[in-house]
Amino acid sequence: MIPSQGMLIELGGVIFLFIGGLLATLGWQWPFLLHLFA
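Residue numbering for the sequence shown follows our numbering, starting at 142 and increasing by one per position.
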């Protein structure tokens, strides 16, 4: 249970950074919108 929880936390971080990088290609202010939904 604990290893799977840690894996999901890390996966969420990777997805968060990936989406932030995609939004950064649109403009520097767009990645900050992720914090509204987090």
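From the three backbone atoms N, C-alpha and C, an ideal C-beta is built for every residue, glycine too. Fair warning: this is a prediction, and the values are worked out from it, not measured in the lab.
Whole-angstrom distance between residue j and residue i, CA atom to CA atom
i	j	result
residue 176	residue 165	14 Å
residue 147	residue 173	25 Å
residue 171	residue 152	21 Å
residue 168	residue 156	19 Å
Nearest candidate by alpha-carbon position, reference residue i, set the options
i	options	result
residue 179	154, 143 and 146	154
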